[in-house]
Structure formats: C-alpha cells, structure tokens
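What follows is one structure encoded as structure tokens, with my remarks underneath.
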Ligand code: FAD
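In the working numbering, the protein residues as written are 11 to 477.
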C-alpha cells in the first residue's frame with residue numbers, strides 16, 4: 011500500500027484507532043494467534059463503531075486494497091491478517107448483552123467466547139460454541155461452531171437468530187430468517203465471504219448443572235480404551251459431550267454432562283475404560299470448563315490443523331490415529347476427536363451452509379511447535395497424518411479448521427450443491443471479492459491488485475501453508 015493510500019485512510023471518517031508500522035504498538039497490534047502468520051499489514055484499523063467498519067470496507071472496495079477482517083484472530087492459516095494491506099480489527103466491538111426475558115444474546119462482531127460465556131453464565135444461560143475461551147465468536151460462528159454442548163443444543167449457527175452485516179458496498183443490513191433469508195443461510199457456514207458481521211443475535215439456552223470428567227490413559231492401552239469409548243458413546247444421551255486427544259503422552263478424555271441429575275454417574279463410566287493414570291471428576295463451572303485448555307493452545311506458538319468427519323469411530327480410524335501418533339514430531343502434536351450426533355444431526359445439511367451434519371465424530375490433526383526450524387517436518391506430519399484419516403472420512407469438511415487454503419479447500423468442504431449456492435450468493439453480494447481473505451468462494455471476476463501488489467493466494471502461499 012502506498013503512502014497516498016495511508017494518508018487517505020487517515021482522512022476517513024473513522025472514530026477508532028489506526029496503527030501503522032511506525033507506531034510503538036504496531037508489533038503487538040499485528041499479532042494473531044498462529045505464530046506462523048507473522049505478517050506486516052500497512053495499517054491496522056481498530057473499529058469503534060459500525061460506521062467505522064463501513065468506512066474501511068468502502069475504502070477497500072473503492073481502492074482494491076487487500077482487506078483482512080479480524081474477529082478473535084484465531085484463523086488457522088492466518089486469514090485475519092495480511093502483508094501490506096488493511097487489517098480491520100473488530101476487537102473493540104465486543105459488547106455482549108443478555109436479555110433473559112427474551113432469551114436472546116446480542117454479541118459484538120469482535121467478542122471472544124469468554125465474553126459471551128461470562129455474560130450468559132451469569133444467568134445460567136449459554137450459547138453453544140467452542141472449547142477454548144480465547145477464540146473469536148465471529149469466525150467460529152460464521153463457519154459453524156462445534157463444542158461440548160453441540161449434541162445437546164446443536165451447532166452455534168443453530169442458535170443464531172440474526173446478524174447485522176456490513177456488505178461489500180458499505181451498506182449495513184439486518185439478516186435473519188425473514189430479511190434476506192438466502193444470505194442468512196449462507197452466513198451459517200459460509201465464513202466471512204459475504205460481509206463483516208458487526209453484531210450477532212443468538213437464542214440462549216438454560217445450561218443447568220455441569221459435571222466434567224477428565225481422564226488420562228497410557229498410550230500402551232490406547233487401542234482397548236478407544237474401542238470401549240466407541241461402544242460407550244453409542245448409548246450416550248445428548249446431554250453428554252465428549253472428546254479425546256491422543257498424543258505421545260497418552261489418551262486424554264474430557265466428558266461433559268450438562269442439565270442432568272445423573273451426570274456424575276454418566277461421566278464416571280468414562281474413567282472405567284482401562285487403568286487411568288489421572289482422573290478428575292467433579293462439578294465445574296462452565297467458565298472453568300471453557301478455559302481449562304486455554305494455555306495448551308496459547309497465542310504465538312506455531313500451529314497447523316486439518317480436520318474431517320467420520321461416520322463413526324471404527325477400527326480403521328483408530329488404527330490411523332495410533333499410527334499417526336507413533337510418528338508425531340513433538341510431544342505436543344495430537345489428534346483430537348470430538349463426538350458429534352444428537353442435535354447437530356436434527357438439522358439437514360441443506361438447511362445451512364455447513365456440511366457434516368450426519369457425522370458421528372469430528373477429528374483434527376494438530377501439530378504444535380515453537381521453533382521455525384521445525385516448520386517443514388511438523389507441517390509434513392500434519393498433512394500426511396490427516397491424509398490417512400481423510401481416506402476414512404465422509405465427503406465434506408469444516409471450513410474453520412483447515413490450515414491450508416486455496417480454491418479446492420472451500421469446494422471440498424462444502425460439496426458441489428452447497429458450493430454452487432454459496433457461489434451464487436457471493437456473485438450477488440461480493441462480485442469483486444472484497445472479502446477474499448477467508449476460505450474463499452471465488453466469484454470469478456477480476457481481482458484488483460493495483461493498490462496492494464499481491465493477491466490473497468500469494469500471501470497465504472508465502473506462509474508455506476497453501477495446499
Ligand atoms: P479470525 O482469525 O479473526 O477470523 C477467521 C475468519 O473469519 C477470517 O476469514 C476472518 O476474516 C473472518 N471473520 C472474523 N471476524 C469476522 C466478522 N466479524 N465478520 C466477518 N468475517 C469475520 N472451532 C469450533 O467450531 N469449535 C472449537 O472448539 C474450536 N476451537 C478452536 C480453538 C483454537 C485455539 C483455534 C485456533 C480455533 C478453534 N476453532 C474451533 C476454529 C475456529 O472456529 C476458527 O479458527 C475461527 O475462524 C476463529 O474465529 P476468530 O474470530 O477467532 O478468527
């Protein structure tokens with residue numbers, strides 16, 4: 011971006027904060043969660059109001075400047091930052107208002123899960139979302155949103171009642187089941203392709219008592235434990251959510267019961283699948299549960315992830331998980347498997363732009379490391395291990411947990427029918443691809459590069475993360 015463009019941004023009607031490379035807090039402001047995405051935007055524009063968002067979007071649309079939209083900054087491939095372009099940072103739009111009478115939460119486009127959880131749990135209410143409290147509500151919701159309560163209440167998008175969106179032409183519109191219903195369909199899974207979400211309205215649910223079991227088994231009995239786990243979850247009621255991770259350290263299982271009086275007995279059964287090395291079973295506040303793994307996935311480390319859906323956890327999937335872990339490059343590299351089904355499958359795939367409703371489980375291969383010298387071997391392990399699981403997986407995928415980018419990622423994730431519908435929406439709402447730093451639905455028109463000199467694909471490729 012040239013100096014003129016920077017000067018023009020400074021002259022915009024903008025009440026937020028503008029941070030550029032010569033400012034003292036530039037390095038802190040440009041950081042995102044994945045340490046690999048070490049980019050140098052020309053400007054970080056922290057919006058304070060919706061009008062600020064509209065001003066930046068209009069500027070990007072008019073000039074062709076590369077625009078990265080940042081909610082919680084947790085994009086796996088670093089899609090909420092860029093080299094040389096604008097980062098529209100929504101972190102100041104993080105208000106959460108709970109209306110317990112109408113059972114609605116109104117949540118700013120830059121709120122984190124912890125902002126939402128804290129406000130809702132004060133009323134014993136909840137919006138089902140993800141499992142790490144520093145994740146952004148916006149990115150997670152726009153892709154789908156899976157977590158401990160998905161089997162009971164569905165995906166995050168299944169609780170979404172409406173969204174306020176700034177479109178590529180700078181107009182802000184209200185989108186819900188009655189106003190622009192097709193766009194509402196696309197926003198529930200289609201990511202940031204259609205506009206900037208400044209505010210979400212969610213239906214909230216009564217949470218009730220929460221009981222959590224955390225159990226660790228040795229790697230030597232992993233196969234037997236996972237076979238017993240598989241049988242146990244088949245009969246689990248939808249108030250039980252569970253996941254396990256397998257790493258060189260063993261099998262760590264988390265089982266969550268909510269809203270049931272027999273929760274303690276139910277989760278205790280998961281501590282009898284073998285000879286546990288560690289067990290903790292007890293009442294947890296929902297906030298404790300949600301933040302318990304925050305440090306394991308802290309900001310600034312180097313991460314890659316690739317996920318997929320299994321019809322069920324079968325022998326062949328267990329085999330692929332154990333083989334993968336046997337060659338893991340670091341002790342932090344792990345494979346995570348989340349139990350699905352229940353309320354997620356009550357909704358048809360066609361009802362929202364999320365593909366994977368019929369899956370019994372979701373897996374994700376996650377190498378984690380710190381030294382850039384390990385990039386090549388950690389990325390290679392992540393991709394190779396994921397490829398073995400992909401062979402055993404359903405078609406379709408979760409756009410939010412794909413460390414690679416490129417046209418085929420979105421096409422493969424959505425499948426042909428959903429992709430075609432999303433493409434029609436993209437051509438209607440963002441034909442010039444102003445919102446292109448995401449798992450992109452490419453509308454096929456010319457992309458302006460005059461103001462920035464590089465495309466989104468160039469930039470992601472420079473991370474070594476493109477497929
Ligand atoms: P950002 O990096 O800010 O944004 C991600 C994408 O969304 C970018 O393309 C960005 O442009 C777009 N975007 C962000 N904000 C807006 C907005 N307001 N309007 C329009 N577009 C926007 N997913 C789950 O479903 N369940 C989990 O339990 C879960 N756990 C996770 C834990 C960690 C540590 C991480 C890194 C990811 C996890 N994810 C999970 C995946 C998560 O859903 C995605 O990484 C998601 O994109 C994060 O959203 P964000 O707002 O933090 O990210």
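Glycine included, C-beta positions come from ideal geometry on N, C-alpha and C.
Note that the structure is a prediction, hence the values are computed from the model and not measured.
Using the beta-carbon count (16 or more within 10 Å), is residue i buried or exposed?
| i | result |
| --- | --- |
| residue 22 | exposed |
| residue 8 | Absent from the structure is residue 8, since the part of the chain shown begins at 11 and ends at 477. |
| residue 309 | exposed |
| residue 416 | buried |
| residue 19 | buried |
| residue 386 | exposed |
| residue 427 | exposed |
| residue 200 | buried |
| residue 358 | exposed |
| residue 473 | Because residue 473 sits at a pLDDT of 36, beneath the cut-off of 50, its placement in the model cannot be relied upon, and the following sentence gives the value as read from the coordinates. Buried: at least 16 other Cβ atoms inside 10 Å. |
| residue 460 | Here residue 460 scores only 40 on pLDDT, less than 50, and its place in the model should not be relied on; the value that follows carries that caveat. So residue 460 counts as exposed. |
| residue 376 | buried |
| residue 342 | buried |
| residue 190 | buried |
| residue 479 | The question about residue 479 has no answer here: the residues shown for the chain are numbered 11 through 477. |
| residue 34 | exposed |
| residue 79 | buried |
| residue 252 | buried |
| residue 271 | exposed |
Any heavy atom of ligand 1 inside 7 Å of the beta-carbon of residue i?
| i | result |
| --- | --- |
| residue 59 | no |
| residue 172 | no |
| residue 148 | yes |
| residue 86 | yes |
| residue 411 | yes |
| residue 264 | no |
| residue 80 | yes |
| residue 43 | yes |
| residue 448 | yes |
| residue 117 | no |
| residue 352 | no |
| residue 428 | no |
| residue 100 | yes |
| residue 156 | yes |
| residue 152 | yes |
| residue 145 | yes |
| residue 207 | yes |
| residue 439 | no |
| residue 296 | no |
| residue 218 | no |
| residue 307 | yes |
| residue 142 | yes |
Using CA coordinates, which residue listed in the options is at the minimum distance from residue i?
| i | options | result |
| --- | --- | --- |
| residue 88 | 315, 33 and 306 | 315 |
| residue 448 | 273, 84, 387 and 425 | 84 |
| residue 77 | 62, 106, 57 and 51 | 51 |
| residue 273 | 287, 241 and 217 | 217 |
| residue 167 | 188, 182 and 194 | 194 |
| residue 139 | 126, 320 and 379 | 126 |
| residue 257 | 346, 207 and 200 | 346 |
| residue 182 | 254, 373, 262 and 66 | 66 |
| residue 132 | 154, 34 and 296 | 296 |
| residue 232 | 250, 213, 254 and 320 | 254 |
| residue 293 | 283, 120, 269 and 313 | 269 |
| residue 113 | 156, 150 and 213 | 213 |
| residue 410 | 197, 170, 86 and 60 | 86 |
| residue 247 | 103, 228, 276 and 219 | 276 |
| residue 8 | 92, 454, 443 and 244 | For the chain, the structure presents residues 11 to 477; residue 8 sits outside this window and is missing. |
| residue 284 | 262, 407, 334 and 437 | 262 |
| residue 259 | 202, 123 and 339 | 339 |
| residue 378 | 38, 53, 44 and 16 | 44 |
| residue 31 | 110, 159, 96 and 327 | 96 |
| residue 105 | 318, 92, 122 and 93 | 122 |
| residue 328 | 311, 27 and 229 | 229 |
| residue 344 | 221, 408 and 392 | 392 |
| residue 141 | 335, 332, 179 and 301 | 301 |
| residue 288 | 227, 307 and 238 | 227 |
| residue 186 | 197, 179 and 176 | 197 |
| residue 170 | 240, 361, 450 and 433 | 361 |
| residue 433 | 445, 453 and 423 | 453 |
Examine chain C for any beta-carbon lying closer than 8 Å to the beta-carbon of residue i, and answer yes or no.
| i | result |
| --- | --- |
| residue 174 | No chain C is present in this structure, which holds just one protein chain. |
Let me know the alpha helix (DSSP H) ranges lying completely inside the stretch 305 to 364, each 4 residues or longer, listed in chain order. 325 to 336, all fully within the stretch 305 to 364.
Can you list the alpha helix (DSSP H) stretches of 4 or more residues lying completely in the stretch 226 to 274, in chain order? 232 to 244
Please specify which runs of the alpha helix (DSSP H), each continuous and at least 4 residues long, are wholly inside the stretch 19 to 83, giving them in chain order. Uninterrupted alpha helix (DSSP H) stretches at least 4 residues long and entirely within the stretch 19 to 83 occur at 36 to 40 and 60 to 73, given in chain order.
Entirely within the stretch 415 to 462 and at least 4 residues each: give me those alpha helix (DSSP H) ranges in chain order. 417 to 424 and 426 to 439
If we require 3 or more residues per run, which beta strand (DSSP E) segments fall completely within the stretch 152 to 223? 170 to 176, 182 to 186 and 206 to 213
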